[in-house]
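Input: a single structure, listed below in structure tokens.
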Amino acid sequence: MADVSASDTLTGHSQRQLTLTRSGASSADNSFDVDDIWTWTVTYTLLQADIDAGQVENYASVTGTPSGGSTLTVYSAAKGVASSATTAPEAGSGVITTLTETATAEPAMTVAKTVDETALQNGAAAGDVLTYTITAVNTGNVTLNSVTISDPLTAPATPARAGASISDSSFDSGDVWVWEVGYTLTQADIDAGKVENYASITGIPSGGDPLTVYSAAEGVASLAITSRPRLRSPG
Numbered sequence: 000m001a002d003v004s005a006s007d008t009l010t011g012h013s014q015r016q017l018t019l020t021r022s023g024a025s026s027a028d029n030s031f032d033v034d035d036i037w038t039w040t041v042t043y044t045l046l047q048a049d050i051d052a053g054q055v056e057n058y059a060s061v062t063g064t065p066s067g068g069s070t071l072t073v074y075s076a077a078k079g080v081a082s083s084a085t086t087a088p089e090a091g092s093g094v095i096t097t098l099t100e101t102a103t104a105e106p107a108m109t110v111a112k113t114v115d116e117t118a119l120q121n122g123a124a125a126g127d128v129l130t131y132t133i134t135a136v137n138t139g140n141v142t143l144n145s146v147t148i149s150d151p152l153t154a155p156a157t158p159a160r161a162g163a164s165i166s167d168s169s170f171d172s173g174d175v176w177v178w179e180v181g182y183t184l185t186q187a188d189i190d191a192g193k194v195e196n197y198a199s200i201t202g203i204p205s206g207g208d209p210l211t212v213y214s215a216a217e218g219v220a221s222l223a224i225t226s227r228p229r230l231r232s233p234g
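In structure tokens, the structure reads:
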């Protein structure tokens, strides 16, 4: 056979083609003769999505053209099973590599809420705007999906994602996500002399229950306010 080529297809959540490399003593031979044995190798770097799924499934195919004949493509089957199939294996029938994490899946994150006090440098008045920053860090070993944020102080306004991660929808292990939101001081805040608040982040690990983490217990995160002196007209 001539014009022999090989490909490797990752199925399921991966959905990608890998580039194979000929190896062994036959790597310089371009004619796939009767009884020849050719070998290809390929490496694949695991993604967090693979770990979350618990497995990687793929299959290989080899295509060649016999002299005077039609092109032939043959697909691999399950791991270690020789195959002469001319159709791709169905899902679950390819080479499945089960992935076992070195540790039990432990979803976890930290949440911190800070405030820019620039607006309060000369005291505070109703109508001044405070800018809050909420920072979440995925400190667990699994990806969190469908991440949402809640801030009772600024509701119904929703904090907006900020920074380089703004277009990322998958909160992977080690990721740092940031939100920002403004809050307009009321006269009641000035009279109280402080603003107390917290934020919470919720994410769902693959195959697990939703996880919600709070920046602090309600009433702990606070900002002292000194009212701005007011000038009174004489008389």
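Residues in the sequence shown are numbered from 0 upward in steps of one, following the numbering used here. Ideal Cβ placement from N, Cα and C applies to all residues, glycine included.
Exercise. Taking C-beta to C-beta, are residue 57 and residue 17 nearer than 9 Å?
Worked result: Residue numbering aside, residue 57 sits at position 58 when the sequence shown is read from its first letter. Residue numbering aside, residue 17 sits at position 18 when the sequence shown is read from its first letter. Yes; because the gap between Cβ atoms is below 9 Å, this pair is in contact.
Exercise. Taking the alpha carbon of residue 31 as the point to measure from, which residue in 121, 61, 50 and 19 has its own alpha carbon closest?
Worked result: Sequence index remark: in the sequence shown, residue 31 carries index 32 (1-based). Taking only the C-alpha atoms, the option nearest residue 31 is 61.
Exercise. Where does residue 103 land, buried or exposed, given buried means 16+ other C-beta within 10 angstroms?
Worked result: Along the sequence shown, read from residue 1 onward, the residue named residue 103 stands at position 104. Classification of residue 103: exposed, given that the 10 Å Cβ count is below 16.
Exercise. Alpha carbon to alpha carbon, how far is residue 150 from residue 186?
Worked result: Walking along the sequence shown from the start, residue 150 turns up at place 151. Walking along the sequence shown from the start, residue 186 turns up at place 187. Distance between the alpha carbons of residue 150 and residue 186: 20 Å.
For this session: Could you name the residues that DSSP lists as bridge partners for residue 108?
Result: To locate residue 108, count along the sequence shown from 1; it is residue 109. Residue 108 pairs with 137.
Exercise. Just how far apart, CA to CA, sit residue 13 and residue 41?
Worked result: By one-based count along the sequence shown, residue 13 stands at place 14. By one-based count along the sequence shown, residue 41 stands at place 42. Using only the alpha carbons, I get a separation of about 16 Å.
Exercise. Can you tell me the Cα-Cα spacing of residue 54 and residue 142, whole angstroms?
Worked result: Working through the sequence shown from its first residue, we reach residue 54 at position 55. Working through the sequence shown from its first residue, we reach residue 142 at position 143. Going from the Cα of residue 54 to the Cα of residue 142 covers about 15 Å.
Exercise. Which residue from 76, 82 and 22 puts its Cα closest to that of residue 92?
Worked result: One-based indexing of the sequence shown puts residue 92 at position 93. For residue 92, the nearest C-alpha among the options comes from 76.
For this session: Quick one: grab the DSSP three-state call for residue 25.
Result: As a position in the sequence shown, residue 25 is number 26, starting the count at 1. Reduced to three states, the DSSP call for residue 25 is helix.
Exercise. Does DSSP classify residue 14 as helix, strand or coil?
Worked result: Sequence index remark: in the sequence shown, residue 14 carries index 15 (1-based). Reduced to three states, the DSSP call for residue 14 is coil.
Exercise. Can residue 130 and residue 180 be called in contact, C-beta distance under 9 Å?
Worked result: Here residue 130 refers to the residue found at position 131 when the sequence shown is read from its first residue. Here residue 180 refers to the residue found at position 181 when the sequence shown is read from its first residue. Yes, they are a contact pair.
Problem set entry | Beta-carbon contacts of residue 65 that lie in its chain and below 6 Å, excluding the five residues immediately before and after | Your numbering for residue 65 matches position 66 in the sequence shown. Only 0 meet the Cβ criterion.
For this session: Tell me the start and end of each unbroken alpha helix (DSSP H) in the segment 186-217 that is at least 4 residues and wholly inside, in chain order.
Result: 186-191
Exercise. Thinking just about the alpha-carbon of each residue, which of 2, 39, 160 and 43 is nearest to the one in residue 9?
Worked result: For the purposes of this step, residue 9 is taken as residue 10 along the sequence shown, with counting starting at 1. It is 43 whose Cα lies nearest to the Cα of residue 9.
Problem set entry | Spatial neighbours of residue 88 in its chain, beta-carbon cut-off 7 Å, leaving aside the 5 residues before and after | The residue labelled residue 88 in the question sits at position 89 within the sequence shown. Result list for residue 88: 58, 74 and 76, in chain order.
Exercise. Can you name the residues that DSSP bridges to residue 6?
Worked result: Sequence index remark: in the sequence shown, residue 6 carries index 7 (1-based). For residue 6, which the question treats as bridged, DSSP gives the partners 60.
For this session: Could you tell me the distance, in whole angstroms, from the CA atom of residue 68 to the CA atom of residue 144?
Result: Here the question's residue 68 lines up with position 69 in the sequence shown. Here the question's residue 144 lines up with position 145 in the sequence shown. Going from the Cα of residue 68 to the Cα of residue 144 covers about 51 Å.
Exercise. Should the segment 124-138 be regarded as contacting the segment 104-116, the criterion being three or more beta carbon pairs within less than 8 Å?
Worked result: yes
Exercise. In terms of residue numbering, what span does the alpha helix (DSSP H) encompassing residue 52 cover?
Worked result: Position 53 of the sequence shown, counted from the first residue, corresponds to residue 52. Here the alpha helix (DSSP H) through residue 52 covers 47-52.
For this session: Provide the residue span of the beta strand (DSSP E) that contains residue 103, from first to last.
Result: Stepping through the sequence shown from its first residue, residue 103 is reached at position 104. Looking at the DSSP string, residue 103 is not in any beta strand (DSSP E), and its letter there is neither H nor E.
For this session: Could you please give me the residues that DSSP links to residue 177 through a beta bridge?
Result: Translated into positions along the sequence shown, residue 177 becomes position 178. In the DSSP output, where bridge partners are listed per residue, residue 177 has 134 and 161.
Exercise. When we look at the beta-carbon of residue 26 and count the other beta-carbons within 10 Å, is it buried (16 or more) or exposed?
Worked result: In the sequence shown, residue 26 corresponds to position 27, counting from 1. Exposed, by the Cβ-count rule.
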